[in-house]
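> What follows is a single structure, and I will ask about it in a moment.
2 protein chains.
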Amino acid sequence: MIKATENNEYVELTSPTILPKASGFLWNEKMMIHMNCRGYAVAQYMQPEPGKYSYAPNLEAKTFMQPEQPYYAHHPGRFVYVKDEVSGEIFSAPYEPVRVLPDKYTFSVGKHNIVWKIESNDILIEMSLSLPKEDPMELWRVKVTNLSSMKRKLSIYPYFTVGYMSWMNQSAEYNEALQAIVCSAITPYQKYQDYDKIKTLKDKTFLLADQEPSAWEVNQEAFEGEGGITNPSAIQNELLSNGEARYEMPVAALQYRIDVEPGEEKAYRFIFGPAKTEDEIAQIRRTYFIDTNASGDDGFMLAELEYAEYIREGRGCIEIKTPDADLDNFVNHWLPRQMYYHGQTNRLTTDPQTRNYLQDNMGMSYIKPQMARNAFLTALSQQNTSGAMPDGIILHEDAELKYINQVPHTDHCVWLPICLSTYLDETNDYTLLDEVVPYADRKEVGTVFEHINRAMHWLMKDRDERGLNFINQGDWCDPMNMVGYKGKGVSGWLTIATSYAFMIWADICEHSDQLKMSKEYRLAANETNEVVNKYLWDGEWYARGITDDNVVFGISEDKEGRIFINPQGWALLSGAADELKQRKLIQAVKDQLETPYGVEKLAPSFTAMREDVGRVTQKHPGTAENGAVYNHAAAFYIYGLYAVGEKDNAYRLLRKMIPGPDSEDIIRRGQLPVFIPNYYRGAYRQIPHTAGRSSHLFNTGTVPWVYRCLIDGLFGLQGNKEGIHIRPQLPSEWQEVTVKRMFRGVELQFHIKRDASVTTTEVYVHGNYIEDGIIKDLKSDVEYKVLVKIPF
Amino acid sequence: MIKATENNEYVELTSPTILPKASGFLWNEKMMIHMNCRGYAVAQYMQPEPGKYSYAPNLEAKTFMQPEQPYYAHHPGRFVYVKDEVSGEIFSAPYEPVRVLPDKYTFSVGKHNIVWKIESNDILIEMSLSLPKEDPMELWRVKVTNLSSMKRKLSIYPYFTVGYMSWMNQSAEYNEALQAIVCSAITPYQKYQDYDKIKTLKDKTFLLADQEPSAWEVNQEAFEGEGGITNPSAIQNELLSNGEARYEMPVAALQYRIDVEPGEEKAYRFIFGPAKTEDEIAQIRRTYFIDTNASGDDGFMLAELEYAEYIREGRGCIEIKTPDADLDNFVNHWLPRQMYYHGQTNRLTTDPQTRNYLQDNMGMSYIKPQMARNAFLTALSQQNTSGAMPDGIILHEDAELKYINQVPHTDHCVWLPICLSTYLDETNDYTLLDEVVPYADRKEVGTVFEHINRAMHWLMKDRDERGLNFINQGDWCDPMNMVGYKGKGVSGWLTIATSYAFMIWADICEHSDQLKMSKEYRLAANETNEVVNKYLWDGEWYARGITDDNVVFGISEDKEGRIFINPQGWALLSGAADELKQRKLIQAVKDQLETPYGVEKLAPSFTAMREDVGRVTQKHPGTAENGAVYNHAAAFYIYGLYAVGEKDNAYRLLRKMIPGPDSEDIIRRGQLPVFIPNYYRGAYRQIPHTAGRSSHLFNTGTVPWVYRCLIDGLFGLQGNKEGIHIRPQLPSEWQEVTVKRMFRGVELQFHIKRDASVTTTEVYVHGNYIEDGIIKDLKSDVEYKVLVKIPF
């Protein structure tokens with residue numbers, strides 16, 4: 001039912017008996033589009049704030065992307081109605097809105113395009129969607145093939161929803177000179193001060209066609225008539241009515257009335273997107289459909305090629321071959337693509353949360369380290385002189401901190417050394433630490449090294465008398481907003497994370513020959529770990545925090561929210577947990593948080609408000625922060641498991657994160673294996689029937705941590721100051737793997753296999769034994785063949 | 001097709017061949033519901049801000065009610081699916097979502113309920129909706145009758161949409177003890193400070209049934225399956241699956257599987273609405289379905305009766321019988337109901353715009369003058385000591401000025417004497433002027449008389465050196481926001497309106513024996529009129545204003561926005577226009593603004609932004625303020641026409657405001673004659689094919705002005721200090737009318753007829769000639785019979 005095809009460029013869903021709500025997404029520098037296999041679409045582009053060109057039929061709220069968002073009959077979508085002019089029979093490709101199950105059906109989510117093949121009644125409709133590299137617009141191909149042995153008379157109706165553009169002003173018409181449907185609107189606003197913001201917006205939506213249509217309709221109501229969207233009245237007529245829309249809901253529907261001989265194909269191309277003016281649309285038409293290069297390729301074709309090349313640039317730094325083919329496919333093809341998306345687009349926001357921005361660029365260190373470098377400098381240039389980091393990083397001169405970034409969180413500083421360490425591991429570029437960067441006040445400046453020192457000192461100071469870090473209105477967990485808003489409550493996780501950050505920073509200090517400072521931070525980490533064990537160890541696991549009223553929570557006495565994953569995972573990293581505590585907490589996680597779909601963030605999920613904890617306790621049980629399999633937190637935990645050598649536990653949980661190709665999984669999770677969502681529904685022990693469902697949201701800090709689990713953990717191919725340190729932690733059932741590793745401009749071929757003759761890992765480069773397992777002095781003109789023997 | 005029935009309690013739409021999108025609305029103290037004849041619904045209730053209990057399928061933007069809002073397949077609605085268990089045939093009442101045109105169909109919009117009768121395949125479905133007087137909930141009756149001569153096996157599925165309640169937390173289940181579907185949600189919020197606001201909200205939606213269902217479904221997706229909302233998969237099964245919804249879209253669907261003998265009826269009752277807790281739902285169940293009074297009536301029946309009585313209390317102060325039966329029906333039944341709605345609910349907002357609040361209570365002066373009195377005191381208690389009125393009036397302790405009320409407008413003071421004068425005309429309650437009221441600062445106090453004097457002085461001072469009133473970011477016209485935001489631009493209309501306000505206030509001063517003051521205001525009015533004629537008369541009509549850059553606009557040189565109705569209408573009222581100017585401007589209005597659907601607000605509609613005028617020029621041509629038949633402005637103009645004796649022009653335009661009962665009108669306007677919408681689409685000369693469409697919005701300041709046109713103008717039965725002054729202005733084609741007038745506790749029966757023997761109006765009370773036409777010394781125990789002779 002689902003398989004990878006064409007050199008793993010695509011993941012295909014073929015001939016299902018029920019159409020799941022599977023989806024894929026494409027993105028470029030200015031936009032993203034989330035495309036559902038049935039034809040529904042969610043698209044946004046930046047100007048600089050997110051905007052729409054294909055709207056819902058009612059006035060949609062401006063909000064972040066919703067998890068598990070329901071589709072409905074008039075949801076925005078891209079469809080092709082097909083009418084047999086002889087029989088009058090109608091179907092629609094891909095599936096919605098007519099919902100005739102086709103004879104054959106393939107949905108191929110590709111890296112640089114999304115393709116459908118729909119066969120119905122001996123008509124083959126092929127649709128594909130690609131994007132240009134930069135322009136926010138959709139490049140569509142529609143091909144019709146007559147598979148029957150007789151001539152067919154057909155009408156093909158490409159149908160692009162436009163929806164309720166604006167209550168102020170909306171209209172649509174067909175522009176003959178442009179061969180385009182042009183829908184116009186004015187973004188609603190009320191205060192004259194906002195006029196300057198809206199007057200530059202791309203308020204038009206256009207559909208450009210490469211071939212003149214037989215007829216068109218631009219008025220949604222006229223198109224549907226009483227037949228409705230599932231059986232539009234307008235297509236009962238010989239020709240669409242060439243109408244117009246004047247403060248009526250626009251739509252972009254074309255008709256091609258064609259004769260097709262047996263075996264004949266007819267191919268069409270369309271461009272759908274936003275524009276400011278008709279001149280701009282005319283320019284797009286010239287560039288994409290009229291002008292050609294010496295080889296006769298027009299801009300449309302070149303843009304498809306350029307986009308494919310752009311996506312290829314985002315490949316990762318390992319290629320693996322393991323006994324787990326599904327893991328190979330995901331890691332070699334889809335995981336770096338998702339990391340690349342985060343690093344390039346910053347989640348299509350102009351003010352990413354600081355922790356997201358830093359972690360997304362931690363991931364970018366594996367793909368385009370120069371971009372990660374610049375991002376760290378950008379983030380630090382917005383640091384307060386006190387050392388505190390702001391809640392969001394402003395990426396555009398007109399941007400401002402919005403929504404959750406107006407709520408004070410206390411964790412942002414810990415991400416600095418942690419994310420930076422991956423960059424340094426990967427590049428060895430310690431010159432970054434010497435870069436001079438201003439502080440937010442633009443009066444003081446300091447080196448990156450000094451900036452991070454201030455961040456660490458801020459963490460040391462933002463603590464109560466016990467030495468536990470204040471949580472204020474949230475740490476990594478946004479809706480844990482009432483634990484410490486009175487100024488007393490502390491975060492167990494953040495205290496542990498601070499200890500880990502001190503350790504990481506101590507290492508970096510040491511490698512920067514700041515030995516005294518290194519010692520101080522190591523001491524601070526140890527002292528923090530002591531405090532953690534004194535106040536937060538509950539007997540079998542670590543507590544999540546202590547409220548303003550001095551109530552410890554996330555402990556065995558709690559009926560709900562008894563155990564949280566984050567303090568456990570990070571205690572493995574920080575060294576707080578000794579071996580006994582490690583064993584205990586791992587067992588507790590297994591017993592209480594592990595499910596067939598991964599590790600839950602907390603359990604049991606809260607079912608009612610706990611006013612001393614906050615909004616997290618009001619979220620739906622099993623969703624988002626309240627007991628979901630929150631993959632970001634799960635990835636921390638897995639990373640912690642690798643840190644203490646728990647290779648089998650780690651691999652088992654890692655595998656649960658990747659949506660499987662089997663049909664049971666796709667129907668429950670509703671997702672092809674092309675990305676890791678921010679969560680799968682949890683509360684497995686409370687509400688089993690919904691557990692495992694995907695949020696369908698692909699914005700998540702999970703992915704760089706999964707990559708770190710692979711590089712630093714599973715395959716053990718982590719960079720350090722001297723070179724690359726080989727310490728694989730293959731699951732016990734694996735006998736051997738090969739890994740191609742791109743590292744500091746060098747390609748290394750690893751063959752890792754079990755060998756009965758060894759008791760510890762032994763590394764051989766071109767047959768030479770490497771004593772400490774660190775391959776040093778890498779030369780770019782050498783092709784490294786590395787044999788790694790590991791014990792049974 | 002449309003007719004009034006049952007003593008004009010209903011307006012019925014019967015057996016149409018196409019179902020128009022006609023609608024009616026019901027309201028009570030806490031909610032309103034706008035019900036479309038097809039079954040779609042828009043409902044809101046106050047807690048204290050507007051909330052929902054039946055949501056759209058996606059996250060809807062919080063906004064004011066949208067004009068001409070499009071419906072779509074999954075729009076919130078109230079439906080009954082009906083399945084013939086033998087044939088398997090399905091239809092839905094009223095019409096959506098299955099869209100089978102019934103054999104017979106009646107949609108009756110009533111004053112206190114809305115009723116449908118749908119006959120399809122010898123099954124009669126009767127549905128009715130009423131409301132309690134105060135509680136925000138819907139009272140539904142569904143009756144099924146077997147009209148055929150054989151026993152029928154049916155399943156009846158009452159289906160109430162619930163929609164996307166919340167991204168934080170939503171679920172639904174059937175509660176057996178309550179015999180109710182209970183849907184639960186948590187209102188999304190992000191900042192802990194907002195928790196106190198959301199924690200008291202009625203976040204549950206319930207459907208209470210008076211009879212135990214055979215089965216139920218609470219999960220939208222499970223109900224629809226692949227059949228979709230037009231042909232739900234779940235009703236193909238024998239029984240619904242008794243499911244649950246856990247972070248899935250809720251729905252409230254019940255199934256009654258029944259056998260019905262020939263002629264047999266089965267009747268059901270349901271209550272649908274919001275609640276905070278299950279206890280509250282249990283209490284509602286007890287009150288409405290369980291407990292009965294001595295006569296055996298339960299709360300449901302009593303609530304229907306109480307609501308009907310409540311609506312009856314809102315009747316107007318005239319009952320007319322004229323040659324125009326449609327006008328009679330509208331004026332006797334529907335116009336006061338719409339005024340009453342405004343006065344009782346304040347448009348379901350906690351911060352009505354000041355001008356709306358004052359005008360809505362001007363209307364209330366005819367219905368419940370005591371409420372109008374209190375409203376004037378409330379408004380004045382929020383007046384600034386400078387005399388300036390705030391942009392909105394706060395009606396609830398938690399309320400704040402929102403949206404447009406944060407934009408400074410300069411017209412609010414003019415409405416004080418104008419609206420008050422109607423109250424005084426109607427009640428003669430001059431004691432109101434002596435009431436002592438604080439100012440907004442709560443330090444100073446003053447009588448109402450002093451308050452209004454300050455308002456008048458504020459208007460005198462807020463002027464430029466020419467004596468023209470500043471417009472700032474708007475006057476009566478909200479989006480005229482860029483004429484004067486730099487502090488220089490002036491409003492022509494507001495200057496004229498100020499003159500009129502001075503005149504009205506001078507009259508009131510005179511009647512309050514403040515003769516010196518009266519003289520001063522009259523002088524000020526005359527001086528203002530001189531200034532108006534000097535700077536704003538354009539040769540054939542008055543200009544609309546002068547911009548910050550000293551550009552006069554709304555003049556013959558303008559290509560768009562050449563003429564605005566408001567300066568013309570008010571110049572008739574203020575006395576600025578002498579007879580020649582009156583003739584000229586009336587002709588200009590006729591030539592440029594009059595259309596088959598009424599008088600446009602401006603013409604030609606703007607088609608592009610004019611940056612020195614503002615947002616009004618960006619609105620869609622023919623909508624809202626940009627060239628619509630904006631009935632509020634049209635009503636001012638008609639009132640002005642009566643002021644100068646233009647009785648035939650006035651009547652012609654008045655009639656265009658009331659949606660007609662003929663089918664051409666209902667199809668174009670899409671509205672039954674039960675209310676005057678805020679606009680009909682204009683731009684008649686630019687976009688004729690959409691002209692005349694109703695906005696479907698029933699919040700409008702139009703209605704009290706129409707009532708004033710009838711009382712002060714057409715029938716000429718206006719109160720004054722001495723009694724009631726009889727000055728009818730019947731249109732030339734009318735020969736006679738009768739009017740019952742309730743006035744200051746007295747009932748007067750007027751018979752107004754043309755009489756060849758008179759040359760001016762002559763008034764006879766019980767045969768006695770009244771010299772000055774003023775009936776004085778009214779006695780409540782007398783039944784006045786008044787004959788009014790008017791010349792041919």
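As they're listed, the protein sequences go chains A and B. The numbering of the first sequence is the UniProt record's numbering, which starts it at 1 and goes up by one. The numbering of the second sequence is the UniProt record's numbering, which starts it at 1 and goes up by one. Heads up, the beta-carbon is just placed ideally off N, CA and C, and yes, glycines get one too.
Between Met31 of chain B and Tyr45 of chain B, how many whole angstroms is the CB-CB distance? I'm expecting something under 8 Å.
That pair is a contact at about 4 Å.
> For a contact meaning CB atoms closer than 8 Å, what does His74 of chain B contact in chain E?
The structure shown contains no chain E; its protein chains are A and B.
> According to DSSP, simplified to helix, strand and coil, what is Lys488 of chain B?
In the structure shown, Lys488 of chain B sits in coil (DSSP, three-state: anything other than H, G, I, E or B).
> With H, G and I counted as helix, E and B as strand and the rest as coil, what does DSSP make of Lys461 of chain A?
Helix, per DSSP.
> Which of the three DSSP states is assigned to Pro97 of chain B in this structure?
Here Pro97 of chain B sits in coil by DSSP.
> Which word fits Gln618 of chain A, buried or exposed, when buried means at least 16 other C-beta atoms lie within 10 angstroms of its C-beta?
Its Cβ being crowded by 16 or more others within 10 Å, Gln618 of chain A is buried.
> Could you tell me which chain B residues have their CB closer than 8 Å to the CB of Gln618 of chain A, listed as they occur along the chain?
Ordered by position in chain B, the residues that pass the 8 Å Cβ test against Gln618 of chain A are Met168, Asn169 and Ile186.
> Mind listing which residues of the segment 621–654 of chain B have their C-beta closer than 9 Å to chain A's C-betas, in chain order?
So the list reads Pro621, Gly622, Thr623, Ala624 and Asn626, given in the order they occur along the chain.
> If we cut at 7 Å on Cβ distances, does Ile118 of chain A have a partner in chain B?
Ile118 of chain A does not count as touching chain B.
> Is it buried or exposed for Ile290 of chain A, if we count other Cβ within 10 angstroms and need 16 for buried?
Exposed: under 16 other Cβ atoms inside 10 Å.
> At a Cβ cut of 7 Å, what residues of the segment 470–486 of chain B count as close to chain A, listed as they run along the chain?
Cβ contacts with chain A: Gln473, Asn481, Met482 and Tyr485.
> Drop a sphere of 10 angstroms on the beta-carbon of Gln338 of chain A, count the other beta-carbons inside from all chains shown, and report buried for 16 or more, exposed for fewer.
Gln338 of chain A comes out buried.
> Any beta carbon of chain B sitting closer than 7 Å to that of Leu59 of chain A?
By this cut-off, Leu59 of chain A is an interface position.
> Whether or not the segment 303–314 of chain B and the segment 123–141 of chain B are in contact is what I'm after, with contact meaning three or more pairs of Cβ atoms, one per stretch, closer than 8 Å; do they touch?
Contact holds: three or more Cβ-Cβ distances are below 8 Å.
> Taking the beta strand (DSSP E) that Met46 of chain A falls in, what are its first and last residues?
It spans Ala41 to Met46 - the beta strand (DSSP E) in which Met46 of chain A sits, taken as one unbroken run.
> Any C-beta of chain B sitting closer than 7 Å to the C-beta of Gln671 of chain A?
Not an interface residue.
> For a contact defined as C-beta to C-beta under 7 Å, what are the partners of residue 795 of chain B on chain A?
Any answer about residue 795 of chain B is impossible in this case: the structure gives chain B only from 1 up to 792.
> Helix, strand or coil: which one does DSSP assign to Ser166 of chain A?
Residue state, collapsed to three classes: coil.
> Ends of the alpha helix (DSSP H) at Asn533 of chain B?
Start and end: Leu515 to Tyr535.
> Residues of chain A with CB closer than 7 Å to the CB of Gln382 of chain B, please, in chain order.
Within 7 Å Cβ-Cβ: nothing; Gln382 of chain B doesn't reach chain A, min ~22 Å.
> Looking only at its chain, what residues have a beta carbon closer than 7 Å to the beta carbon of Leu201 of chain B, apart from the 5 residues adjacent to it on each side?
The residues are Gln47, Gly51 and Thr187.
> Please report the straight-line C-alpha distance between Gly614 of chain A and Phe698 of chain A, rounded to a whole angstrom.
Distance between the alpha carbons of Gly614 of chain A and Phe698 of chain A is about 26 Å.
> Among B:Leu432, B:Pro791, B:Ile775 and B:Asn529, whose alpha-carbon lies nearest the alpha-carbon of Ser757 of chain B?
The shortest C-alpha separation from Ser757 of chain B is found at B:Pro791.
> Quick one: give me the first and last residue of the alpha helix (DSSP H) that Trp570 of chain A is part of.
Run containing Trp570 of chain A: Ile565 to Ser574, per the alpha helix (DSSP H) assignment.
> Flag Gln66 of chain A as yes if its beta-carbon sits less than 7 Å from any beta-carbon of chain B, otherwise no.
Yes, contact with chain B.
> Alpha carbon to alpha carbon, how far is Ile367 of chain A from Ala388 of chain A? Give it in angstroms, no decimals.
Between Ala388 of chain A and Ile367 of chain A, the C-alpha separation is close to 29 Å.
> Among the candidates B:Gln473, B:Ser491, B:Asp478 and B:Cys317, whose CA atom is the shortest distance from the CA of Tyr485 of chain B?
It is B:Gln473.
> Tell me whether the beta-carbon of Met362 of chain B lies closer than 7 Å to the beta-carbon of Thr422 of chain B.
Contact: yes.
> Would you please verify whether the beta carbon of Met456 of chain A is less than 7 Å from any beta carbon of chain B?
False, the Cβ-Cβ gap to chain B never drops below 7 Å.
> Nearest to residue 793 of chain B by alpha carbon, out of B:Val746, B:Ile770, B:Arg754 and B:Val788?
Residue numbering for chain B in the displayed model covers 1 to 792; residue 793 of chain B lies beyond these limits and cannot be assessed.
> Tell me which residues share the same chain as Ser695 of chain A and place their Cβ nearer than 7 Å to its Cβ, disregarding the 5 neighbours each side in the sequence.
Around Ser695 of chain A: Pro67, Glu68, Pro677, Asn678 and Tyr679.
> Please say whether Gly716 of chain A and Ile726 of chain A have beta carbons closer to each other than 7 Å?
Yes. Within cutoff.
> Taking 7 Å as the CB-CB limit, is Thr760 of chain A close to chain B?
Not one chain B Cβ lies under 7 Å of Thr760 of chain A.
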